[in-house]
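*Asks:* The structure follows.
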Amino acid sequence: MNITPLTLKDCRQVAQLHQATFYRGWNEKDFESFLKELCVFGFKIEQKGVFCGYILWREVAGEAEILTLGISPSFKRMGMGNKLLNALVESLKAHRISKLFLEVAEDNQEAQDFYIKNGFISLGKRPNYYLRPENKLVHALSFLKSIEG
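Using this note's numbering, read the sequence shown as starting at 1228 and increasing by one per residue.
Laid out in structure tokens, this is it:
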């Protein structure tokens, strides 16, 4: 497995996976806009040259926030999400960032379990944050991971 920084050339693949994974997936231009920001970074993971997943985050005022993480369904449960998250944590340590935040939809139990298993703690919820089919609203759950040294 190979983890490298995301570039603008990766935006099409990342957008395709995001749209296949999330109800309101972001498009290629969305990812281009993010990656053009000076405070937004990302990694992709590949296996034998095949794109398997990505993580995108923002660093502001000494803190970081995961914007999105996605693993191709055919590569789930192979530790790739863990590897991307570990690469992010190492990058944050190098930048002396000690807090990592994220939000997860309340109906996404798989993501909640993943982040809790990786040392995130629940901070609370943001009511009616995510839109689902038929205009149903779902709460966002906020999580924090403290980054040690």
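Backbone N, C-alpha and C fix where the C-beta goes; we use that ideal spot for every residue, glycine too.
Give me the residue from 1240, 1250, 1338 and 1267 with the minimum Cα distance to residue 1304.
*Replies:* By 1-based counting over the sequence shown, the position of residue 1304 is 77. The residue with the shortest Cα to Cα distance from residue 1304 is 1338.
*Asks:* Can you check which of these residues, 1345, 1353 and 1298, is closest to residue 1332 by C-alpha distance?
*Replies:* As a working mapping, residue 1332 is identified with position 105 in the sequence shown. Of the candidates 1345, 1353 and 1298, the one whose C-alpha sits nearest the C-alpha of residue 1332 is 1353.
*Asks:* Can you check which of these residues, 1271, 1268, 1237 and 1283, is closest to residue 1255 by C-alpha distance?
*Replies:* For this step, residue 1255 is matched to residue 28 along the sequence shown. Residue 1255 has its Cα closest to that of 1237, out of 1271, 1268, 1237 and 1283.
*Asks:* What are the start and end residues of the alpha helix (DSSP H) that includes residue 1291?
*Replies:* Residue numbering aside, residue 1291 sits at position 64 when the sequence shown is read from its first letter. Counting along the chain, residue 1291 falls outside any alpha helix (DSSP H), though it belongs to the beta strand (DSSP E) covering 1290–1298.
*Asks:* Can you give the Cα-Cα distance for residue 1326 and residue 1363, rounded to whole angstroms?
*Replies:* Translated into the one-based positions of the sequence shown, residue 1326 becomes position 99. Translated into the one-based positions of the sequence shown, residue 1363 becomes position 136. About 31 Å.
*Asks:* Identify the continuous beta strand (DSSP E) that holds residue 1281 and give its terminal residues.
*Replies:* Position 54 of the sequence shown, counted from the start, is the residue given in the question as residue 1281. Per DSSP, residue 1281 belongs to the beta strand (DSSP E) from 1277–1287.
*Asks:* By alpha-carbon positions, which one of 1257, 1230 and 1313 ends up nearest to residue 1344?
*Replies:* Taking the sequence shown and counting its residues from 1, the one referred to as residue 1344 is at position 117. It is 1313 whose Cα lies nearest to the Cα of residue 1344.
*Asks:* Contact check, residue 1329 vs residue 1268 under 8 Å by CB: the rounded distance?
*Replies:* As a working mapping, residue 1329 is identified with position 102 in the sequence shown. As a working mapping, residue 1268 is identified with position 41 in the sequence shown. 15 Å between Cβ atoms; not a contact.
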